[in-house]
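**Q** Next up is a structure, given as structure tokens.
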Amino acid sequence: MATKVIDSWALMALFNEEPAADAVEKLLHAATAGRHDLLMTVVNWGEIYYTALRRGGDASAKAIAADIAQMPITLVPIESSNLDFVRQAAVFKATKKLSYADCFAAALAKLRKAELVTGDKEFSAVERDIKINWLETSRA
80 MATKVIDSWA LMALFNEEPA ADAVEKLLHA ATAGRHDLLM TVVNWGEIYY TALRRGGDAS
140 AKAIAADIAQ MPITLVPIES SNLDFVRQAA VFKATKKLSY ADCFAAALAK LRKAELVTGD
200 KEFSAVERDI KINWLETSRA
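For the sequence shown, this note's numbering assigns the number 80 to the initial residue and increments by one for each residue that follows.
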């Protein structure tokens, strides 16, 4: 079964009903149907949480966290047992123009040989390192 890494950008597009929301819904439905596994790093989950907290307060952040918990997404933790994951994120941060949180999504995709799902153009810095499923960023 294929594995995909979903970036925080994709879920924020869904929650904000942006142009990529339909594609993200299809991705989630396909994961529910067992067509692929979906992974997200806890760092990227944290990006969503703090963004929701800033924009809508505590209740909004908790509601979004509860929504994510119901999705077919496996959260990947940062642990001492997976230092290769942290090391790869650090290599991306040292050598690419990416936020540190985005480096974790890219590192997970690289180490799991997975496709990264995002619309965040910052990831163009790692297009040669990982496969990216680019989501729509604007309506035609």
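Every residue gets a Cβ at the ideal spot worked out from N, C-alpha and C, and that includes glycine.
According to DSSP, which residues form a beta bridge with Met-119?
**A** In the sequence shown, residue 119 corresponds to position 40, counting from 1. DSSP lists Leu-154 as partners of Met-119.
**Q** Less than 8 Å between the C-beta atoms of Val-84 and Ala-92, yes or no?
**A** The residue you call residue 84 lines up with position 5 of the sequence shown. The residue you call residue 92 lines up with position 13 of the sequence shown. No; because the gap between Cβ atoms is not below 8 Å, this pair is not in contact.
**Q** Could you please give me the residues that DSSP links to Leu-195 through a beta bridge?
**A** In the sequence shown, counting from the first residue as 1, residue 195 sits at position 116. For Leu-195, which the question treats as bridged, DSSP gives the partners Val-84 and Ile-211.
**Q** Taking DSSP as the reference, what is the three-state secondary structure of Leu-132?
**A** Against the sequence shown, residue 132 aligns to sequence position 53. Leu-132 falls in the helix class under three-state DSSP.
**Q** Alpha helix (DSSP H) containing Glu-96: first to last residue?
**A** Position 17 of the sequence shown, counting from 1, holds the residue named residue 96. Neither: Glu-96 is in no alpha helix (DSSP H) and is coded neither H nor E.
**Q** Within 10 angstroms of its Cβ, does Ala-145 collect 16 or more other Cβ (buried), or is it exposed?
**A** Here residue 145 corresponds to residue number 66 of the sequence shown, with the count starting at 1. Counting Cβ neighbours within 10 Å, Ala-145 comes out exposed, since fewer than 16 surround it.
**Q** What is the C-beta distance between Asp-137 and Thr-82, in whole angstroms, given that I count them as a contact (C-beta under 8 Å)?
**A** Here the question's residue 137 lines up with position 58 in the sequence shown. Here the question's residue 82 lines up with position 3 in the sequence shown. The pair is not a contact, with the Cβ atoms about 33 Å apart (cut-off 8 Å).
**Q** Identify which residue in Ala-100, Leu-177, Met-150 and Ala-89 has its Cα closest to the Cα of Ala-110.
**A** The residue given as residue 110 occupies position 31 in the sequence shown. When each option's Cα is compared against that of Ala-110, the closest is Met-150.
**Q** With H, G and I counted as helix, E and B as strand and the rest as coil, what does DSSP make of Arg-166?
**A** As a first step, residue 166 is located in the sequence shown; it is residue number 87 there, counting from the start. In this structure, Arg-166 counts as helix in the three-state DSSP scheme.
**Q** From the DSSP output, in three-state form, read off Lys-105 for me.
**A** By 1-based counting over the sequence shown, the position of residue 105 is 26. Lys-105 falls in the helix class under three-state DSSP.
**Q** Among Lys-175, Ala-148 and Cys-182, which one has its Cα closest to the Cα of Phe-164?
**A** Here residue 164 refers to the residue found at position 85 when the sequence shown is read from its first residue. Nearest C-alpha to Phe-164: Cys-182.
**Q** So, helix, strand or coil for Ser-178, using DSSP?
**A** Counting from 1 along the sequence shown, the entry for residue 178 is found at position 99. When secondary structure is reduced to three states using DSSP, Ser-178 falls in the coil class, being assigned neither helix nor strand.
**Q** Look at the alpha carbon of Lys-141 and the alpha carbon of Leu-118, and state the distance between them as a whole number of angstroms.
**A** Working through the sequence shown from its first residue, we reach residue 141 at position 62. Working through the sequence shown from its first residue, we reach residue 118 at position 39. Going by the C-alpha atoms only, they are around 20 Å apart.
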